[in-house]
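In the numbering used here, the protein residues as written are -10 to 291.
The C-beta atom is built at its ideal place from N, Cα and C for all residues, glycine as well.
Input: a single structure, listed below in structure tokens.
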């Protein structure tokens, strides 16, 4: 169990200023901005694991952002002999159970994969879970590269504290090149409808380029109706508004880039959007993994 002094020191290490004195730290804990309750930390990390959430990763004071997921640490298969035959069987274990021991945390190798080399020489590892209304930042330390049932993974110390950042911007996942995600936009009055491909998407909205180019007549605060289509006939319908319209120039000439904010009227609709964003994130990570394979990460010597 850490002393108050050590806890203040570690808070200040990950979140400078908060742990400068006991009064500031106590106020942050009471307001919920700093989380030190072990059970709440376990619940948050177990939710990350069950939801297969994409986690942002930063090392020390580096500004570059990497990505990972929280993994389970299943015990090794046990040998059981029956009629002279030795078989490997699953031991009794509940998914994410290892986190309740608060001993360590297992994450996937990070993407882009160059981060798996950098992590060996860093001190602090900050894991950031982005939600629709806030972010949770976990402070931990890299321990070692291990294998869990043959799979190469990264082991970190279990975080002793986390920070809740209210109003944090939602992570915007770039749409992979080969992901067939199409948006059909219906407009009010006599304004012409159109279809386009989004640039990125988050749990709060998306960005796309108006296909009418310099003839775009989209306006800020305009209300629109959107239908999102992606492979296997899946479709999501949502009301939205145009948050901003920005002019840009590329090799095709003048284009208008539009930021869209979803109007998520129900929790069920918000959940559908979260699932879509999670799917885009997974596809994007696979794309990054394919790109970064050229760096030659040697999993055999992990």
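If you follow the beta strand (DSSP E) that residue i is in, where does it begin and where does it stop?
i, result
"residue 47", "44 to 48"
"residue 64", "Where residue 64 is concerned, there is no enclosing beta strand (DSSP E), given that its DSSP letter is neither H nor E."
"residue 151", "151 to 155"
"residue 144", "140 to 146"
"residue 179", "Premise fails: residue 179 is in no beta strand (DSSP E) and is neither H nor E."
Grouping DSSP H, G and I as helix and E and B as strand, with all else coil, what is residue i?
i, result
"residue 164", "coil"
"residue 237", "strand"
"residue 275", "helix"
"residue 204", "helix"
"residue 93", "strand"
"residue 191", "coil"
"residue 19", "helix"
"residue 82", "coil"
"residue 220", "coil"
"residue 256", "helix"
"residue 7", "coil"
"residue 68", "strand"
"residue 51", "coil"
"residue 268", "helix"
"residue 263", "helix"
"residue 88", "helix"
Just reading off the alpha helix (DSSP H) that residue i is part of, what are its end residues?
i, result
"residue -2", "-7 to 3"
"residue 124", "From DSSP, residue 124 is part of no alpha helix (DSSP H) but of the beta strand (DSSP E) over 123 to 137."
"residue 27", "27 to 40"
Among all the DSSP beta bridges, which residues are the ones paired with residue i?
i, result
"residue 100", "56"
"residue 109", "Partner(s): none; residue 109 has no beta bridge."
"residue 229", "213 and 251"
My assumption, with CB atoms under 8 Å, is that residue i sits in contact with residue j. Please give the rounded CB distance.
i, j, result
"residue 48", "residue 108", "6 Å"
"residue 151", "residue 30", "6 Å"
"residue 94", "residue 34", "7 Å"
Using C-beta distances below 8 Å, list every residue in its chain close to residue i, excluding the 5 sequence neighbours before and after it, in chain order.
i, result
"residue -2", "8"
"residue 276", "165, 166 and 167"
"residue -5", "none"
"residue 184", "171, 172, 173, 174 and 200"
"residue 23", "0, 4, 7, 14, 17, 150, 151, 152 and 153"
"residue 84", "38, 39 and 61"
Which residues in the same chain as residue i place their Cβ atom closer than 6 Å to its Cβ, once the five residues preceding and following it in sequence are excluded?
i, result
"residue 71", "none"
Who are the near neighbours of residue i in its chain, counting only those whose CB is closer than 7 Å to its CB and skipping five residues on each side?
i, result
"residue 112", "49 and 130"
"residue 13", "7"
"residue 21", "153"
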